[in-house]
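Residue 192, in the UniProt record's numbering, is where the sequence shown stops; the numbers in between run on with no holes. Beta carbons: idealized from backbone N, C-alpha and C, even for Gly. The next block holds one structure in the form of structure tokens; read it before the comments.
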Amino acid sequence: MSLDFSEQSGKREQGEEDEAAVARRVSRNFLEEHGWLKRTYDLDDLEQECREQWHLARHTYQEGKGASWKTYMERVMRNKLVSILKDQLAKKRTTDRLAISLDQPISGEQLSMKESIPAVGFGDADPLFLFELDRAMARLNSSQRELCALLYLGYNITDIATIMHKPRGTLYDDLARIRKVFTDEGLDHYMT
1 MSLDFSEQSG
11 KREQGEEDEA
21 AVARRVSRNF
31 LEEHGWLKRT
41 YDLDDLEQEC
51 REQWHLARHT
61 YQEGKGASWK
71 TYMERVMRNK
81 LVSILKDQLA
91 KKRTTDRLAI
101 SLDQPISGEQ
111 LSMKESIPAV
121 GFGDADPLFL
131 FELDRAMARL
141 NSSQRELCAL
151 LYLGYNITDI
161 ATIMHKPRGT
171 LYDDLARIRK
181 VFTDEGLDHY
191 MT
């Protein structure tokens with residue numbers, strides 16, 4: 001029995017080319033869906049993350065489970081990218097929660113941050129509206145607040161279900177709860 005090493009080498013090179021092509025395609029599609037990640041990651045970074053994850057997980061592929069090798073590779077890579085997305089969303093939430101006094105004057109200026117920065121996303125919003133919104137958001141659990149943030153960023157329920165790893169039915173239940181809370185707080189006319 002002789003082994004043809006050139007044939008095995010050719011298969012390995014073909015597999016690596018397929019891996020690179022899949023990683024590039026999955027990463028490109030992911031960046032198109034979540035464009036705001038371009039500020040932190042470029043295509044090459046995400047592609048490298050995908051290939052590293054696949055290198056660690058490729059031994060878990062089981063041929064008899066129904067998924068092809070390529071499909072399984074795509075799933076592993078997409079799951080890695082969703083993990084990166086969740087980490088970035090968590091970092092955004094952490095950044096939003098840093099304790100900085102809005103009344104403290106900005107260094108070298110007479111104005112405070114509160115006086116110089118309009119409310120993000122609300123422009124010259126009515127202070128009563130902002131108060132009611134804060135009160136409504138405080139009544140929601142962290143998962144419901146995350147759902148609100150993702151909806152505000154423009155994601156649809158299908159994408160949110162993937163990002164949050166929750167069934168759409170659960171998200172629709174959360175939406176019903178959010179609508180009830182917003183209605184109770186007098187914000188029902190702001191909902192679409």
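Closest to GLU132 by C-alpha separation, out of LEU37, HIS59, GLU185 and ARG24, would be which residue? As a working note, residue 132 is residue 132 in the sequence shown. Among LEU37, HIS59, GLU185 and ARG24, the Cα nearest to that of GLU132 belongs to GLU185.
Considering only the beta carbon of each residue, do GLN53 and LYS80 sit closer than 8 Å? As a first step, residue 53 must be located in the sequence shown, where it is residue number 53. As a first step, residue 80 must be located in the sequence shown, where it is residue number 80. Against a cut-off of 8 Å, the Cβ pair of LYS80 and GLN53 comes out as a contact.
Taking C-beta to C-beta, are ARG58 and ALA23 nearer than 8 Å? On the sequence shown, position 58 is the one that residue 58 refers to. On the sequence shown, position 23 is the one that residue 23 refers to. No, Cβ-Cβ distance for ARG58 and ALA23 is not below 8 Å.
Please confirm whether LEU43 and SER27 have their CB atoms less than 8 Å apart. On the sequence shown, position 43 is the one that residue 43 refers to. On the sequence shown, position 27 is the one that residue 27 refers to. It is a contact, given that the beta carbons lie within the stated cut-off.
Is LEU187 close to chain C, meaning its C-beta is less than 8 Å from at least one C-beta of that chain? No chain C is present in this structure, which holds just one protein chain.
What is the C-beta distance between ILE163 and LYS86, in whole angstroms, given that I count them as a contact (C-beta under 8 Å)? Stepping through the sequence shown from its first residue, residue 163 is reached at position 163. Stepping through the sequence shown from its first residue, residue 86 is reached at position 86. Their Cβ separation, rounded to whole angstroms, is 7 Å, which keeps ILE163 and LYS86 in contact under 8 Å.
Expressed to the nearest angstrom, what Euclidean distance is found between the alpha-carbon atoms of LYS180 and ARG139? In the sequence shown, the residue the question calls residue 180 occupies position 180. In the sequence shown, the residue the question calls residue 139 occupies position 139. Their Cα atoms are separated by approximately 11 Å.
With 16 other CB atoms within 10 Å as the buried threshold, where does TYR172 fall? Sequence index remark: in the sequence shown, residue 172 carries index 172 (1-based). TYR172 comes out exposed.
With burial defined as no fewer than 16 other Cβ atoms inside 10 Å of the residue's Cβ, what is the status of ALA20: buried or exposed? Locating residue 20 in the sequence shown gives position 20, where the first residue counts as 1. Exposed.
What are the start and end residues of the alpha helix (DSSP H) that includes ALA136? Walking along the sequence shown from the start, residue 136 turns up at place 136. First-last of the alpha helix (DSSP H) with ALA136: 127-138.
Work out the CA separation of TYR155 and ASP45 for me, nearest whole Å. Your numbering for residue 45 matches position 45 in the sequence shown. Your numbering for residue 155 matches position 155 in the sequence shown. Each residue's Cα considered, the two are about 23 Å apart.
Note down, in chain order, each residue of its chain lying with its Cβ closer than 6 Å to the Cβ of LEU175, except the 5 sequence neighbours on either side. Looking up residue 175 in the sequence shown gives position 175. Cβ within range, chain order: n/a, list empty.
Whole runs of the alpha helix (DSSP H) within the stretch 139-187, excluding any shorter than 4 residues: 142-152, 157-164 and 168-184
Let me know the secondary structure DSSP gives GLY64 once reduced to three states. Taking the first residue of the sequence shown as 1, we reach residue 64 at position 64. Residue state, collapsed to three classes: helix.
Quick one, are the C-beta atoms of ASN187 and ALA136 less than 8 Å apart? The residue labelled residue 187 in the question sits at position 187 within the sequence shown. The residue labelled residue 136 in the question sits at position 136 within the sequence shown. Note on residue identity: the sequence assigns Leu, not Asn, to residue 187. Yes. Within cutoff.
Going by the beta-carbon positions, is the gap between LYS70 and ASP18 smaller than 8 Å? Taking the first residue of the sequence shown as position 1, residue 70 is located at position 70. Taking the first residue of the sequence shown as position 1, residue 18 is located at position 18. A contact, by the Cβ cut-off of 8 Å.
Applying the criterion that 16 or more other CB atoms from any shown protein chain within 10 Å of the CB defines a buried residue, is LEU56 buried or exposed? Here residue 56 refers to the residue found at position 56 of the sequence shown. Exposed: under 16 other Cβ atoms inside 10 Å.
Nearest to VAL76 (by Cα), restricted to the options GLN144, THR60 and PHE129: Indexing the sequence shown from 1 puts residue 76 at position 76. Comparing Cα positions, the closest option is THR60.
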